[in-house]
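Just so it is clear: in the sequence shown, position 18 is 13 by our numbering, and no numbers are missing.
Beneath this line is the structure, given in structure tokens, with notes to follow.
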Amino acid sequence: MATLVGRRKAGRKERACSPFSLPTNPHTLSYAPVPLDALGSLAPPPRFAEARFEAYQAESDQQREALRATRAFTERVAALPSWTERLRARLPGAGGPQAPRGLYLVGPAGTGKTHLMAAAFHRLAPERPCAFLHSGTFFRTAAAPQRLAEALAGEQGICALMLDEVELDDAANEARLAHFLKTLTARGVALMATSNARPGEFLSRHVSGGGAHRRFLTDALAGHSETILVRGADRRREDGQSQHGAIFVGPPAEAERALRDAHEAASAPKRWLSFAELRRASTETAHERLVEELLEAEHLAVAGVQIEGTDDALRLLRLVDDLYTAEEAPALSFSAGTPPEDWFAAEGTGGLRGGVAAKFDRTVSRLHELCAVRFVSGGRQTVDGNGDPGPKTTDGGPPERERFSAS
């Protein structure tokens, strides 16, 4: 069987040959091509490869409205002029292409926003070229945002941008995203976005600066897009569909001992880090490089999670985000004194800390999908605090994959 690193290299090779790669002509370009490979495949992550409208189970009126609005958005994009017609619209005196009304889905984690966006992508592509992009990937790209937008709208001829999990932490990112969206809008590209925050309520509002960029973004996301609030139960906590890992909760020594036993029984390659070591690595190693190193393991154990402030919360949040969306992510296991919803709670907080805590809710949601929560006491384990013994294995290996409900 191919190694994890081998599979990842093969994946990079496939992406380089994908229909979303940027075609370049050295005889017509007087500058280096825009490195679109840094944006990944520009398709939904593998876990959303099968996302379709028919598979979305709306459990509330708001979710049914979100489904209706997303279907309507795809119809607007499907009705756009062809790529050549849009090129002609850019000629002098033609008036320029007009972007259709966008769609902004906002709401708590686990309510199916990304599923709907991926379903829209699959409904439109490849007949109508689209780009699916996580906001974090965009912000980590060094290329000028206007050139990225020109490459996507021009050379690749996309009709729509699907921007997942829009988050703005500072004025610099506001400016980058404003230039990016402004250029795409001028080229007639439709925008669909998802977020846990309403337009104008991002963390960046707590820092100085922004000004015109902030006003433009608020107008682009709210004024030129239909905003739909998507509420409902957290599907990740209810389904637990990918619980290959575990979070051992209890007195520090007991919880770490349970984590150690599970880690020793897990197959190689595997990696063990204390939370302090992970924190130090995140400050000493570039984020992309650290994620690559962690992806080399098939099992990753982090002992003694104890978040002391917003910096710790954001570092763990970004790592979990990237591991969650990776094609070959390791099984994650942790030990902690409390369940993940108490690692960085939002109750009674405001300002910057409250904003980070709200973002951390998505991390908690994803951890519940990836990990079974096991309470450890006196050498006995219970699942999610419900008093039932955890699943057993016959070979002493890590717990079987099961479906649990969060308490």
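Each residue gets a CB set at the ideal place from its N, CA and C atoms; glycine is no exception.
Just so it is clear, the structure is predicted and the values come from calculations on it, not from any experiment.
With DSSP collapsed to three states, give me the class of residue i.
i	result
glutamine 376	strand
alanine 44	coil
glutamate 221	strand
threonine 136	coil
valine 184	coil
serine 36	coil
phenylalanine 175	helix
threonine 189	strand
aspartate 159	strand
threonine 19	Model confidence at threonine 19 stands at a pLDDT of 40, short of 50, so the residue's coordinates are unreliable and nothing is read from them.
leucine 75	coil
serine 25	Unreliable positioning characterises serine 25 in this predicted model, as indicated by a pLDDT of 41, which lies under 50. The coordinate reading is nonetheless provided below. Coil, per DSSP.
alanine 53	coil
arginine 266	strand
arginine 226	coil
leucine 212	helix
phenylalanine 370	strand
Do the CB positions of residue i and residue j come within less than 8 Å of each other?
i	j	result
alanine 61	leucine 100	yes
alanine 155	alanine 181	no
glutamate 251	alanine 192	no
valine 244	alanine 352	no
threonine 377	leucine 312	no
glycine 105	arginine 226	no
leucine 172	leucine 212	yes
arginine 310	arginine 284	no
threonine 136	alanine 46	no
Considering residue i, what are the terminal residues of the alpha helix (DSSP H) in which it resides?
i	result
valine 300	Premise fails: valine 300 lies in the beta strand (DSSP E), 294 to 300, not in any alpha helix (DSSP H).
tyrosine 319	305 to 320
aspartate 356	346 to 365
alanine 276	270 to 279
leucine 290	282 to 290
leucine 119	108 to 119
Tell me which residue opens and which closes the beta strand (DSSP E) that residue i is part of.
i	result
arginine 255	Where arginine 255 is concerned, there is no enclosing beta strand (DSSP E), although the alpha helix (DSSP H) it sits in stretches over 247 to 260.
leucine 100	97 to 101
cysteine 125	125 to 129
alanine 331	326 to 331
glycine 403	In the structure as shown, the chain starts at -4 and stops at 402, and residue 403 therefore has no counterpart that could be examined.
glycine 240	240 to 244
Skipping 5 residues on each side, what residues in its chain have a beta carbon closer than 8 Å to that of residue i?
i	result
valine 0	Because valine 0 carries a pLDDT of 39, less than 50, the predicted location of this residue cannot be relied on, and the following value inherits that uncertainty. Taken in chain order, the residues that qualify are Glu291.
glutamate 54	Gly227 and Ala228
proline 41	Glu322
leucine 179	Ala94, Ala144, Leu147, Ala148, Leu156 and Leu186
I'd like the list of long-range same chain contacts for residue i, defined as Cβ closer than 7 Å, with 5 residues on each side in sequence excluded.
i	result
cysteine 125	Phe116, Leu119, Ile153, Cys154, Ala155 and Met157
leucine 24	The predicted model places leucine 24 with a pLDDT of 40, which falls under 50 and marks its position as unreliable; any figure quoted below should be read in that light. Cβ neighbours of leucine 24 beyond the five flanking positions: none.
histidine 174	Pro140 and Gln141
Between residue i and the rest of its own chain, which residues show a CB-CB distance below 6 Å, the 5 nearest in sequence each way excluded?
i	result
proline 161	First, the residue type needs correcting, since residue 161 is valine and not proline in the sequence shown. The answer, listed in chain order, is Ser130, Ala188 and Ser190.
>> Does the contact criterion of 3 or more C-beta pairs under 8 Å hold for the segment 303 to 312 versus the segment 210 to 228?
In response: Touching, no.
> Is the segment 166 to 174 close to the segment 324 to 339, with three or more CB pairs under 8 Å?
Replying inline: no
> Can at least three beta-carbon pairs, one atom from the segment 102 to 122 and one from the segment 133 to 148, be found at a separation below 8 Å?
Replying inline: no
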